[in-house]
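Q: The sequence shown maps to residues -22 to -1, 1 to 487 in mature numbering (1 follows the signal peptide of the UniProt record, and there is no 0). Using N, Cα and C, we set each Cβ at its ideal position, and we do this for glycine too. Pasting a structure below so you can have a look.
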Amino acid sequence: MLNDLFALVLFIVAMWAIWVNRRPKTLPPGPPAGLWGLHTHLIPKTEPWKKFYEWHQMYGPVISFTFGPQNVVSLGTAKAAWDLLEKRGDIYSSRPRSIVAGEIYSDGNRGIFTPYNQRWKNWRSLMQAGMNPTASLAYRERQTLESAILLKDLLEDSDQYRDKIKRYTTSVVFSIAYGRRVRSLKDDIVLGNGQVEGYIGKIVLPGKFMVDSWPILLWLPKWLQWFRWEPEVRKQKDIDFYMSLMNTVKSQIADGTAQNSMATRALDKQSQFGLDEVQTAYALSGPYAAGVGTTTAAADILLMAMLNYPECLQKAQEELDRVVGPHRLPDFTDEKTLPYCQACIKEAQRWYTLAPTGVPHAVLQDDEYEGMFIPKGTTIYSNLYAIFRDPEMFPEPEVYRPERFLNTDDPRFNNFLLQFGFGRRICPGMHVASASLFLIFTRLLWAFNITPKKDDMGKPIIPDFNVGETSLIRSPLPFGIVLEPRRNDVAEIILREAESAEDQLKSWL
């Protein structure tokens, strides 16, 4: 018995050694592997992008390492990301296998986890139909109205500014997806989606489940697959929740009260999109999953930047005073005449990276890039944390400097979209998100003086941009701000606009 066990151990070790040594020697450079040919033990469970960035400084713009038995390549410059994820998008647009989050928990129904196949293309076609540049223009009126109500909420209580902004982004997203408003973060639909997103944030972290690194565990009998128990229970609850949201829209269509939304479009042309009932219900949840947390955090980052760089705040307000004047709120007609404000928004998204590693891609076939071999199935990270700190593209990258996006003919800066991803996997909601950020930023700065809270000694408390919270995205730690109307008539203008907005939104549930 002992001899058999010893022989089995030797066989496993030998097979592992063969696997390690079979790896091509022309892989991109990277850190030396440990005894077992792995780098897993070198990668911290929190903020792994910082370790990747450190390796980029040592080994170059394209590096490789292993996570479990999985080959991983990290792209540390925009050039490398563009060359592979966009120019070769036909083979770099898939996703790494996600056993727990993508397969067991989501049953392949969440587009963010879905491989590059027909099912993903069907999902993407609905997202594109609902949030392409032309479709997004139709949502600007409701964004404008909701932002007027946001200003009133902030005027009444700025201590809970983050919740006020989140209510705005949530209401915009739900009106786009389901044709219904959100008046409070305590609404059942908000609480339900919050539970779902909170759970997803926990299970997608690298290394959370052993089976994602060692799929051989799926050979166990199902009743022994402990990693399956909770996700399967949660999955059924999600299906019931998403179906209830979609069925509500069906009822509204039947009685003639439905507002135009992605849901009405999806249900009207369901066969054209190629999605069944459950797939459609999941797809309609996509805007919330992708848009609420990211847009709220991006607004938070803008406020954090203004507290850290008050001279930029002053320049932006001077531009608003010059272009918009004191008697009306900024609106979308001002977009092209507020270049400094637009630059502030772009720079904030570069300065504090919301998705430091990007959402990983996977390559569908063997490939070669600048003499380096990239095997089929390799996980590809577009390391935005490293890309946004590339000193050749962004001199003094740690400094928040909106001017880098002004007075330039470089299309990379004029049409800055790196923060939304690359190629065929670029965020479909980027036009909606950008419009919301423009309104939030310009209207807050037009209306209020923004200053930091002070400690017991009267010293301003400036938020630290080097730290944050991480789940699906990275966001600043909570910090305090003080909002004071900039002029005597600001409150009157805000209340008048908010009252008009509430009146125009009465027909929305």
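1) Could you tell me the distance, in whole angstroms, from the CA atom of P193 to the CA atom of R75?
2) Rank R474, T92 and L104 by C-alpha distance to the C-alpha of S125 and give the top, closest one.
3) Mind checking whether W424 and L298 have CB atoms under 8 Å apart?
4) From what residue to what residue does the alpha helix (DSSP H) around L280 run?
5) What are the boundary residues of the alpha helix (DSSP H) that includes I365?
6) For G108 versus T242, is the C-beta distance shorter than 8 Å?
7) So what's N392 in DSSP terms, helix, strand or just coil?
8) Measuring CA to CA, which of D61, A155, A244 and S162 is closest to D131?
9) Per DSSP, what kind of secondary structure is T226 in: helix, strand or coil?
10) I need the straight-line Cα distance from D434 to D137, nearest angstrom please.
11) With three or more beta-carbon pairs closer than 8 Å as the criterion, would you say the segment 272 to 292 touches the segment 140 to 147?
12) So, helix, strand or coil for D344, using DSSP?
13) Since I believe Y318 is in contact with K293 (beta carbons under 8 Å), could you give me their beta-carbon distance rounded to a whole number of angstroms?
14) Determine the burial state of residue 488: buried for a count of at least 16 other Cβ atoms within 10 Å of its Cβ, exposed for fewer.
15) Determine the extent of the alpha helix (DSSP H) in which P111 is found, giving its start and end residues.
16) Could you tell me whether the segment 336 to 347 touches the segment 395 to 410, where touching means 3 or more Cβ pairs closer than 8 Å?
17) Would you decide whether W201 is buried or exposed? Buried here means 16 or more other CB atoms lie within 10 Å of its CB.
18) If you run the structure through DSSP and keep just helix, strand and coil, what is N444?
19) May I have the straight-line CA-CA distance separating N87 from Q230, to the nearest angstrom?
20) Select from W197, D218, E325 and S114 the residue whose C-alpha is nearest the C-alpha of N392.
21) K142 to W27, Cα distance in whole Å?
22) Would you call the segment 435 to 443 in contact with the segment 406 to 421, where contact means no fewer than 3 C-beta pairs closer than 8 Å?
23) Which runs of the alpha helix (DSSP H) at least 4 residues long sit entirely within the segment 397 to 445? Give them in chain order.
24) Give me the DSSP bridge partner(s) of P463.
25) Which residues in the same chain as I(-5) place their Cβ atom closer than 6 Å to its Cβ, once the five residues preceding and following it in sequence are excluded?
26) Do you know how far the Cα of P9 is from the Cα of Y94?
27) Which residues in the same chain as A79 place their Cβ atom closer than 7 Å to its Cβ, once the five residues preceding and following it in sequence are excluded?
28) If we count the other Cβ atoms within 10 Å of its Cβ and call it buried at 16 or more, is T356 buried or exposed?
29) Kindly indicate the opening and closing residues of the alpha helix (DSSP H) around M36.
30) For the beta strand (DSSP E) that L53 lies in, which residues bound it at each end?
31) Grouping DSSP H, G and I as helix and E and B as strand, with all else coil, what is F187?
32) Which term fits W204, buried or exposed, when burial requires 16 or more other beta carbons within 10 angstroms of its beta carbon?
33) From this set, L316, I428, R390 and L285, which residue's C-alpha is nearest P454's C-alpha?
34) Tell me, please, whether the CB atom of E255 is closer than 8 Å to any CB atom in chain B?
35) Once the 5 residues before and after I451 are set aside, which same chain residues still bring their CB inside 7 Å of it?
36) Measuring only the C-alpha atoms, how far is N466 from P430?
A: According to the structure data:
1) Residue numbering aside, residue 193 sits at position 215 when the sequence shown is read from its first letter. Residue numbering aside, residue 75 sits at position 97 when the sequence shown is read from its first letter. Spanning the alpha carbons of P193 and R75 requires a straight line of approximately 10 Å.
2) Here residue 125 refers to the residue found at position 147 of the sequence shown. Closest in C-alpha terms to S125, from the list R474, T92 and L104, comes R474.
3) As a position in the sequence shown, residue 424 is number 446, starting the count at 1. As a position in the sequence shown, residue 298 is number 320, starting the count at 1. Yes.
4) Looking up residue 280 in the sequence shown gives position 302. Boundaries of the alpha helix (DSSP H) harbouring L280: G264 to N286, taken from the DSSP string.
5) If you number the sequence shown from 1, residue 365 lands on position 387. Its alpha helix (DSSP H) spans residues L362 to I365.
6) Counting from 1 along the sequence shown, the entry for residue 108 is found at position 130. Counting from 1 along the sequence shown, the entry for residue 242 is found at position 264. Cβ distance not < 8 Å, so G108 and T242 don't count as in contact.
7) Counted from its first residue, the sequence shown places residue 392 at position 414. Note: N392 maps to helix in three-state DSSP.
8) Here residue 131 is taken as the residue at index 153 of the sequence shown, counted from 1. D131 has its Cα closest to that of S162, out of D61, A155, A244 and S162.
9) Along the sequence shown, read from residue 1 onward, the residue named residue 226 stands at position 248. Three-state DSSP puts T226 in a helix.
10) Working through the sequence shown from its first residue, we reach residue 434 at position 456. Working through the sequence shown from its first residue, we reach residue 137 at position 159. Between the alpha carbons of D434 and D137 lies a gap of roughly 17 Å.
11) Short answer: they touch.
12) Residue mapping note: residue 344 aligns to position 366 of the sequence shown, counting from 1. In the structure shown, D344 sits in coil (DSSP, three-state: anything other than H, G, I, E or B).
13) Looking up residue 293 in the sequence shown gives position 315. Looking up residue 318 in the sequence shown gives position 340. Contact check for K293 and Y318: beta-carbon distance about 6 Å, within the 8 Å limit, so the pair qualifies.
14) The question about residue 488 has no answer here: the residues shown for the chain are numbered -22 through 487.
15) On the sequence shown, position 133 is the one that residue 111 refers to. Bounds of the alpha helix (DSSP H) holding P111 are P111 to L115.
16) At 8 Å Cβ cutoff, the stretches touch.
17) One-based indexing of the sequence shown puts residue 201 at position 223. When all chains shown are included, W201 counts as exposed.
18) Here residue 444 refers to the residue found at position 466 when the sequence shown is read from its first residue. DSSP, read as helix, strand or coil, puts N444 in coil.
19) Sequence index remark: in the sequence shown, residue 87 carries index 109 (1-based). Sequence index remark: in the sequence shown, residue 230 carries index 252 (1-based). Taking the CA atoms as reference points, N87 sits about 25 Å from Q230.
20) Taking the sequence shown and counting its residues from 1, the one referred to as residue 392 is at position 414. It is E325.
21) As a position in the sequence shown, residue 142 is number 164, starting the count at 1. As a position in the sequence shown, residue 27 is number 49, starting the count at 1. Computed Cα separation, rounded: 31 Å.
22) Per the Cβ contact rule, the segment 435 to 443 is not in contact with the segment 406 to 421 (fewer than 3 Cβ pairs under 8 Å).
23) You should have 408 to 425.
24) Against the sequence shown, residue 463 aligns to sequence position 485. Its beta-bridge partners are F426.
25) For the purposes of this step, residue -5 is identified with residue 18 of the sequence shown, where counting begins at 1. Here I(-5) scores only 49 on pLDDT, less than 50, and its place in the model should not be relied on; the value that follows carries that caveat. Cβ neighbours of I(-5) beyond the five flanking positions: none.
26) Stepping through the sequence shown from its first residue, residue 94 is reached at position 116. Stepping through the sequence shown from its first residue, residue 9 is reached at position 31. Pairing Y94 with P9, the inter-Cα distance amounts to about 30 Å.
27) For this step, residue 79 is matched to residue 101 along the sequence shown. Same-chain partners within the cutoff: F91, I178, I181 and V182.
28) Reading the sequence shown from its first residue, position 378 is the one you call residue 356. T356 is buried by the Cβ-count criterion.
29) The residue labelled residue 36 in the question sits at position 58 within the sequence shown. Per DSSP, the continuous alpha helix (DSSP H) segment holding M36 begins and ends at P26 to Y37.
30) Counting from one through the sequence shown, the residue named residue 53 turns up at place 75. Per DSSP, L53 belongs to the beta strand (DSSP E) from Q48 to L53.
31) In the sequence shown, residue 187 corresponds to position 209, counting from 1. Three-state result, F187: coil.
32) Translated into positions along the sequence shown, residue 204 becomes position 226. Per the 10 Å Cβ criterion, exposed.
33) The sequence position of residue 454 within the sequence shown is 476, counting from 1. Among L316, I428, R390 and L285, the Cα nearest to that of P454 belongs to L285.
34) Protein chains in the displayed structure number just one, and chain B is not present.
35) As a position in the sequence shown, residue 451 is number 473, starting the count at 1. The answer, listed in chain order, is G271, T272, A275, L332 and A333.
36) By one-based count along the sequence shown, residue 466 stands at place 488. By one-based count along the sequence shown, residue 430 stands at place 452. Going by the C-alpha atoms only, they are around 21 Å apart.
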